[in-house]
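What follows is a single structure, written as structure tokens, with notes after it.
And the structure:
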């Protein structure tokens, strides 16, 4: 197993705040960063890693910019909080991997609550601020930054 | 006293209202039925105006994360038509090859994760994974081979960046393609097993007399080029699409509904392709179709899952055949000089015929863009299926009826189907 921590940012860069996870991944200084739009490949991506951090946009009704941290090893992710227009959102993929016995040993998922996911490349202010805070937290966790 | 039932299916995802179904029953008769979809291409048509003709493939690829190659190939075909340029056959083979990857990826996703759970009584692929882990892993393995093909030819898995008007930015070496052969051979085996598996599913008795519309090519099962043909005898060049089909607004949906010029519905997608072109399938695909009990045409939409499986067998075989015959082209693309003209292009997206039309000016700027995706062409047909299906199943409890109706919608693998396993379902009785 690779000791290196894998950081995966998920989202559509062209869809407003949906890009939050992608932006965090781009800002993180330490660790390997992969940016992705479709979650069905997550299991392949983390296949050789014990220690994985995922960041995705979240739409659970909380105020925009709210950050939530989930330990996927503890309990299932709230699927409703991570909806996806693709068949596989983060929550579905994590649960699929759990069913197949393919979860990494440690998997932390950060969710950033969105305000606006209309087509366009801007982040709303609250989400941009949350992106900075999550990137900083991950850098701290990884001992970089 | 009337017995009224309302069944409303609202869809909640990153953008609300991308797809919804409303059904109103009165005395067990369909009083009202509306199937709505949100249609991203309309936004892109406006976005494309004023952009350079060469940008269309990369911009339109963003319309769909599942079928970007379809958008790229249809837009390239249209721009090359406008410029009067013919792309050499070796480059066309590569377009067909990457398209095979997209069919494998998209069909694997739909067959295993979206549609099979309907037949087996699971709410989702995740729920199914506990009981059928081997099947789900097989589905993931197939999808991965499709992804790999897309990555090698397209530069990356999602939204490939290597296709351009006139050909490719870079063409793969023979060695790069030959490295894919073991994976594709394994994928072919899985696709065959898949076909045998899904052909044993229980299919509701339900047949429709569709007007099938698909590309047709004299020498091969049409994917990336061909003429537009129909089961009613239509045989036209792609640039005649506007003469034979039209779109109209309906008040309940922001998507346009496509009809034939005489106002009828028509059906695009795997069943249409199969019914028009099954004689041109590759050997194993033809054998498996026969073994699965498919006739020369298919008229039960619930059997579309079998047709998709057969098309996966075909796509694996075809990809292997293209790789075997591959000689690396000397040039990755041909020069395309814009002239003021209108160009038409079409190709067979996993979900069916995808038609593009562009007007460009003498500077090579797009002045008008028109994109007709498969789901908007199938929208009427979906509604008609539901109207025809409900009377024979109206005695089912609401939840079972909803399930069957969703399954009937998923027969078309509409772009919204990705989300329909996460629908909020509400039933109102009045």
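Residue numbers (the working numbering), protein chains in the order written: chain A, 26 to 170; chain B, 13 to 442.
Even for Gly, the Cβ is constructed at its ideal location relative to N, Cα and C.
What's the C-alpha gap between residue 375 of chain B and residue 60 of chain B? A direct Cα-Cα distance of roughly 15 Å separates residue 375 of chain B from residue 60 of chain B.
Alpha helix (DSSP H) segment containing residue 340 of chain B, residue limits: Careful: residue 340 of chain B lies outside any alpha helix (DSSP H) and carries neither H nor E.
Taking 7 Å as the threshold (beta carbon to beta carbon), is residue 142 of chain B in contact with chain A? At least one chain A Cβ lies under 7 Å of residue 142 of chain B.
Could you tell me whether any Cβ in chain A is nearer than 7 Å to the Cβ of residue 145 of chain B? Put simply, the CB of residue 145 of chain B is near chain A, with a gap under 7 Å to one of its CB atoms.
Taking the alpha-carbon positions, what's the residue 383 of chain B to residue 109 of chain B distance? Going by the C-alpha atoms only, they are around 23 Å apart.
Smallest Cα separation from residue 148 of chain A: which of A/35, A/40 and A/30? Of A/35, A/40 and A/30, the residue nearest in Cα terms is A/40.
How many whole angstroms separate the CB atoms of residue 151 of chain B and residue 120 of chain B, which I take to be in contact at a CB cut-off of 8 Å? Cβ-Cβ separation between residue 151 of chain B and residue 120 of chain B: approximately 5 Å, consistent with a contact (criterion under 8 Å).
Quick check on the DSSP output: the alpha helix (DSSP H) that includes residue 116 of chain B runs from which residue to which? First-last of the alpha helix (DSSP H) with residue 116 of chain B: 101-120.
Determine the contact status of residue 63 of chain B and residue 85 of chain B, defining contact as a CB-CB distance below 7 Å. Not in contact: residue 63 of chain B and residue 85 of chain B (Cβ atoms no closer than 7 Å).
Please check the pair residue 71 of chain A and residue 80 of chain A, which I expect to be a contact at CB under 8 Å, by giving their CB distance rounded to whole angstroms. About 14 Å separates the two Cβ atoms, so there is no contact after all.
Within chain C, the residues that residue 149 of chain A reaches when beta carbons sit closer than 7 Å: Going by chain labels, chain C is absent from the structure shown, which instead holds the protein chains A and B.
Do residue 280 of chain B and residue 297 of chain B have their C-beta atoms closer together than 7 Å? Their beta carbons are not under 7 Å apart, which means residue 280 of chain B does not touch residue 297 of chain B by this criterion.
Give me the chain A residues within the contact set of residue 155 of chain B, using Cβ-Cβ distance strictly less than 8 Å, ordered along the chain. Residues of chain A passing the Cβ test: 65.
For residue 243 of chain B, report the span of its alpha helix (DSSP H) as first-last. Membership of residue 243 of chain B in any alpha helix (DSSP H) is not indicated, and neither H nor E is assigned to it by DSSP.
Starting from the beta carbon of residue 121 of chain A, find every residue of chain B whose beta carbon is closer than 8 Å, and list them in chain order. Correct list: 137, 138, 141 and 148.
Can you pull the chain A residues whose beta carbon is under 8 Å from the beta carbon of residue 74 of chain B, in chain order? Here the neighbours are 39.
Looking at residue 45 of chain A: is its Cβ nearer than 7 Å to the Cβ of residue 82 of chain A? Yes, the pair counts as a contact, with Cβ atoms nearer than the cut-off.
In terms of alpha-carbon separation, which member of B/395, B/333, B/194 and B/385 lies closest to residue 460 of chain B? The displayed coordinates of chain B run from 13 to 442. Any statement about residue 460 of chain B would go beyond what the structure contains.
Within 10 angstroms of its Cβ, does residue 54 of chain A collect 16 or more other Cβ (buried), or is it exposed? If you draw a 10 Å sphere on the C-beta of residue 54 of chain A, you find fewer than 16 other C-beta atoms in it, and that means exposed.
Within chain B, partners of residue 125 of chain A - CB distance below 8 Å: In chain order: 141, 145, 148 and 149.
Who pairs with residue 180 of chain B in a beta bridge, going by DSSP? Its beta-bridge partners are B/175.
So, helix, strand or coil for residue 437 of chain B, using DSSP? For residue 437 of chain B, the predicted model reports a pLDDT of 42, less than 50, meaning its position is unreliable; a value from the coordinates is still stated below. For residue 437 of chain B, the three-state secondary structure derived from DSSP is strand.
Residue range of the unbroken beta strand (DSSP E) whose run includes residue 353 of chain B: Residue range 353-361 is occupied by the beta strand (DSSP E) that includes residue 353 of chain B.
Are there 16 or more other CB atoms within 10 angstroms of the CB of residue 183 of chain B, so buried, or fewer, so exposed? Result: buried.
Three-state class that DSSP yields for residue 30 of chain A in the structure shown: It is coil, neither helix nor strand.
With H, G and I counted as helix, E and B as strand and the rest as coil, what does DSSP make of residue 237 of chain B? Note: residue 237 of chain B maps to coil in three-state DSSP.
Report the option in A/101, A/138, A/118 and A/64 whose CA atom is closest to the CA atom of residue 156 of chain A. The candidate whose alpha carbon is nearest that of residue 156 of chain A is A/138.
State buried or exposed for residue 300 of chain B, treating a residue as buried only when at least 16 other CB atoms are found within 10 Å of its CB. The residue in question, residue 300 of chain B, is buried, as its Cβ has 16 or more Cβ neighbours within 10 Å.
Can you pull the DSSP bridge partners for residue 83 of chain A? Note: residue 83 of chain A sits in a beta bridge opposite A/138.
Can you check which of these residues, B/410, B/421 and B/425, is closest to residue 36 of chain B by C-alpha distance? Nearest Cα to residue 36 of chain B within the set B/410, B/421 and B/425: B/410.
With a cut-off of 8 Å on the beta carbons, I'd call residue 224 of chain B and residue 287 of chain B a contact; round off their distance for me. At roughly 5 Å, the Cβ-Cβ gap stays under 8 Å, so residue 224 of chain B and residue 287 of chain B are in contact.
Go ahead and label residue 352 of chain B buried or exposed: buried means 16 or more other beta carbons lie within 10 angstroms of its beta carbon, across all protein chains shown. Answer is exposed; the Cβ neighbour count stays below 16.
Apply the 10 Å Cβ neighbour rule to residue 440 of chain B and answer buried if 16 or more other Cβ atoms are within range, or exposed otherwise. In this predicted model, residue 440 of chain B has a pLDDT of only 46, less than 50, meaning its place in the structure is not dependable; the value taken from the coordinates is given anyway. Looking at its Cβ environment, which holds fewer than 16 other Cβ atoms inside 10 Å, residue 440 of chain B is exposed.
Who are the neighbours of residue 89 of chain B on chain A, taking C-beta pairs under 9 Å? Taking a Cβ-Cβ cut-off of 9 Å, residue 89 of chain B has no neighbours in chain A, whose nearest Cβ is about 24 Å from it.
With distances taken from CA atoms, which of B/316, B/193, B/44 and B/45 is nearest residue 211 of chain B? Each of B/316, B/193, B/44 and B/45 was checked against the Cα of residue 211 of chain B, and the nearest Cα belongs to B/316.
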